[in-house]
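Heads up: the sequence lines are chains Z and P, in that order. For reference, each letter of the first sequence is one residue, going -14 to 137 in this note's numbering. For reference, each letter of the second sequence is one residue, going -14 to 137 in this note's numbering. We treat Cβ as the ideally placed atom computed from N, Cα and C, and that holds for glycine. Here's the structure we're looking at; comments come further down.
There are 2 protein chains.
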Amino acid sequence: MPRQLDDATDTLLASMLVADGRATLKTLAEATGLSVSAVQARVRRLETDGVIRGYVAQIDPEALGLPLAAFISLTPLDPRQDYEIPDLLADFSEIESCHSVAGDASIVLFVRVASPAALETLIREVRKRANVATRTTVVLQTCFERQARPPS
Amino acid sequence: MPRQLDDATDTLLASMLVADGRATLKTLAEATGLSVSAVQARVRRLETDGVIRGYVAQIDPEALGLPLAAFISLTPLDPRQDYEIPDLLADFSEIESCHSVAGDASIVLFVRVASPAALETLIREVRKRANVATRTTVVLQTCFERQARPPS
DNA sequence: GCTGAAATTCCTCAAAG
DNA sequence: CTTTGAGGAATTTCAGC
């Protein structure tokens, strides 16, 4: 159960680290008006409390050879196994996110693949593995994509 | 036009930086068997070539006060302005991603908000701003969510 | 909680092979 | 690409408030 952000200082730290995950303690200290040590202690606490889950490099999907993205909606053929589906899909590296949803489908996946052929292969394997019907929406263009930011 | 990843070493570097965006050059050097200087040059090249777009901290959305996520599908009421829609939506900080898609809708958004009431407000504003009909799918649970990784 | 300072590690750049 | 070295910068740790 993750905490809320305590105060304005933590919120500022989180904002800055979302904008630049490699911001130095010195930079953060200057922005907050605290000492480097104090900032370090706060950031450490945000990390151990799970507010900051980690730091990642954002890689261009095309450079990875994954230029094609798609949403795949899943409808279980056997509703009894509904809750097991995410576990069955965790191995597929092509799946970037897996959301259980309220709506026509039970689950919505966001996937990245190398080609239309790879998408077809993935869809078939997901159907078989999870025993689901699928409905796929191909992404034509990603207009923008960004990290959730603290609401000012 | 972003380059492909050149070789196995660049792929390994990218993988490691996706797993830990704060990995030190020394760590990367040990994993690749290269010198720190060589790794530094490679990472720099990946950055300037746009393969590495940046580094970000991943923040727990709940800690930010944004526990509710949803997909919103947009259908333009006036198809002539189709291509302008993403620009009109860029200011909404609640919108995490905006994809143009092939399917029933023209555009699919992924959004994070504080509450059902905030979701309703957002939907109304999106409709008005972009002159679209909307179809919203509420996320009940995010089973997993991860960065695209280089396919082994 | 915070500060400040010392000790350590890391980054950056250059030179030379 | 490698190694080396030097200078600066960042991180860590710890004493003290």
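Between residue 126/Z and residue 86/P, what straight-line distance do the alpha-carbon atoms span, to the nearest angstrom?
Locating residue 126/Z in the first sequence gives position 141, counting from the first residue. Locating residue 86/P in the second sequence gives position 101, counting from the first residue. Cα to Cα, the separation comes out at about 7 angstroms.
Measuring only the C-alpha atoms, how far is residue 96/P from residue 52/P?
Taking the second sequence and counting its residues from 1, the one referred to as residue 96/P is at position 111. Taking the second sequence and counting its residues from 1, the one referred to as residue 52/P is at position 67. So the two alpha carbons sit approximately 11 angstroms from each other.
Based on the DSSP secondary-structure assignment, which residues constitute the bridge partners of residue 56/Z?
To locate residue 56/Z, count along the first sequence from 1; it is residue 71. Beta-bridge pairing links residue 56/Z to 95/Z and 122/Z.
Is any beta-carbon of chain P found at less than 8 angstroms from that of residue 19/Z?
Along the first sequence, one-based indexing puts residue 19/Z at 34. Closer than 8 angstroms: no.
Three-state secondary structure assigned by DSSP to residue 15/Z
Position 30 of the first sequence, counted from the first residue, corresponds to residue 15/Z. Residue 15/Z falls in the helix class under three-state DSSP.
Against residue 124/Z, what residues of chain P qualify as contacts under a CB-to-CB distance less than 9 angstroms, listed in chain order?
Taking the first sequence and counting its residues from 1, the one referred to as residue 124/Z is at position 139. Those are 84, 85, 86, 87 and 93, listed as they occur along chain P.
Around the Cβ of residue 66/Z, are there at least 16 other Cβ atoms within 10 angstroms (buried) or fewer (exposed)?
For the purposes of this step, residue 66/Z is taken as the residue at position 81 of the first sequence. By the neighbour-count rule (16 or more Cβ atoms within 10 Å), residue 66/Z is not buried but exposed.
Look at the Cβ atom of residue 124/Z, then the Cβ atom of residue 84/P, and state whether they are nearer than 8 angstroms.
Within the first sequence, the letter at position 139 stands for residue 124/Z. Within the second sequence, the letter at position 99 stands for residue 84/P. The answer is yes: Cβ separation under 8 angstroms.
Using CA atoms only, rank isn't needed, just tell me which of 26/Z, 130/Z and 54/Z is closest to residue 105/Z.
As a working mapping, residue 105/Z is identified with position 120 in the first sequence. Considering only alpha carbons, the answer is 54/Z.
Chain Z beta carbons: is any one of them nearer than 8 angstroms to that of residue 117/P?
Walking along the second sequence from the start, residue 117/P turns up at place 132. It does not: the Cβ of residue 117/P has no partner Cβ on chain Z nearer than 8 angstroms.
8 angstroms Cβ cutoff, residue 44/P in contact with chain Z:
Taking the second sequence and counting its residues from 1, the one referred to as residue 44/P is at position 59. So, interface residue.
Are the beta-carbon atoms of residue 41/P and residue 43/Z separated by less than 8 angstroms?
Position 56 of the second sequence, counted from the first residue, corresponds to residue 41/P. Position 58 of the first sequence, counted from the first residue, corresponds to residue 43/Z. Yes, these two residues count as a Cβ contact at 8 angstroms.
For residue 3/P, decide whether its Cβ has a neighbour in chain Z, counting only Cβ atoms nearer than 8 angstroms.
Residue numbering aside, residue 3/P sits at position 18 when the second sequence is read from its first letter. For residue 3/P, the answer is yes, since a Cβ of chain Z falls inside 8 angstroms of its Cβ.
How is the beta strand (DSSP E) around residue 41/P delimited, first residue to last?
Residue numbering aside, residue 41/P sits at position 56 when the second sequence is read from its first letter. Per DSSP, residue 41/P belongs to the beta strand (DSSP E) from 37 to 44.
Any beta carbon of chain P sitting closer than 8 angstroms to that of residue 38/Z?
In the first sequence, counting from the first residue as 1, residue 38/Z sits at position 53. Yes, its Cβ sits closer than 8 angstroms to a Cβ of chain P.
Closest by C-alpha distance to residue 91/Z, when choosing among 64/Z, 21/Z and 26/Z:
Within the first sequence, residue 91/Z is the residue found at index 106, counting from 1. Minimum Cα distance to residue 91/Z is reached at 64/Z.
Of the choices 73/Z, 50/Z and 74/Z, whose alpha-carbon is the least far from that of residue 103/Z?
Residue 103/Z sits at position 118 when you count from the first residue of the first sequence. The option with the nearest alpha carbon to residue 103/Z is 50/Z.
Rounded to whole angstroms, what is the Cα-Cα separation between residue 78/P and residue 70/P?
By one-based count along the second sequence, residue 78/P stands at place 93. By one-based count along the second sequence, residue 70/P stands at place 85. Whole-angstrom Cα-Cα distance: 15 angstroms.
Can you tell me the Cα-Cα spacing of residue 1/Z and residue 111/P, whole angstroms?
Position 16 of the first sequence, counted from the first residue, corresponds to residue 1/Z. Position 126 of the second sequence, counted from the first residue, corresponds to residue 111/P. Residue 1/Z and residue 111/P: Cα-Cα distance of roughly 27 angstroms.
According to DSSP, simplified to helix, strand and coil, what is residue 9/Z?
Residue 9/Z sits at position 24 when you count from the first residue of the first sequence. If DSSP states are grouped into helix, strand and coil, residue 9/Z belongs with coil.
Rounding to the nearest angstrom, what Cα-Cα distance links residue 109/Z and residue 60/P in this structure?
Along the first sequence, one-based indexing puts residue 109/Z at 124. Along the second sequence, one-based indexing puts residue 60/P at 75. Approximately 29 angstroms between the Cα atoms of the pair.
At a Cβ threshold of 8 angstroms, is residue 135/Z touching chain P?
Against the first sequence, residue 135/Z aligns to sequence position 150. By this cut-off, residue 135/Z is an interface position.
Does residue 20/Z come out as helix, strand or coil in the three-state DSSP assignment?
For this step, residue 20/Z is matched to residue 35 along the first sequence. Three-state DSSP puts residue 20/Z in coil, outside helix and strand.
Measuring CB to CB, does residue 4/P end up less than 8 angstroms from residue 81/Z?
Here residue 4/P is taken as the residue at index 19 of the second sequence, counted from 1. Here residue 81/Z is taken as the residue at index 96 of the first sequence, counted from 1. The answer is no: Cβ separation not under 8 angstroms.
State the Cα-Cα distance for the pair residue 68/P and residue 74/P, rounded to the nearest angstrom.
For the purposes of this step, residue 68/P is taken as residue 83 along the second sequence, with counting starting at 1. For the purposes of this step, residue 74/P is taken as residue 89 along the second sequence, with counting starting at 1. Whole-angstrom Cα-Cα distance: 12 angstroms.
Name the one or two DSSP bridge partners that residue 82/P has.
In the second sequence, residue 82/P corresponds to position 97, counting from 1. Paired residues: 130/Z and 95/P.
When you compare only the Cα positions, how much space is there between residue 11/P and residue 21/P?
Residue numbering aside, residue 11/P sits at position 26 when the second sequence is read from its first letter. Residue numbering aside, residue 21/P sits at position 36 when the second sequence is read from its first letter. C-alpha separation (whole angstroms): 6 angstroms.
Buried or exposed by the 16-neighbour rule on C-beta atoms within 10 Å, applied to residue 89/P:
As a working note, residue 89/P is residue 104 in the second sequence. Label assigned to residue 89/P: exposed.
Below-8 angstroms beta-carbon distance, residue -7/Z vs any chain P residue:
If you number the first sequence from 1, residue -7/Z lands on position 8. No, no contact with chain P.
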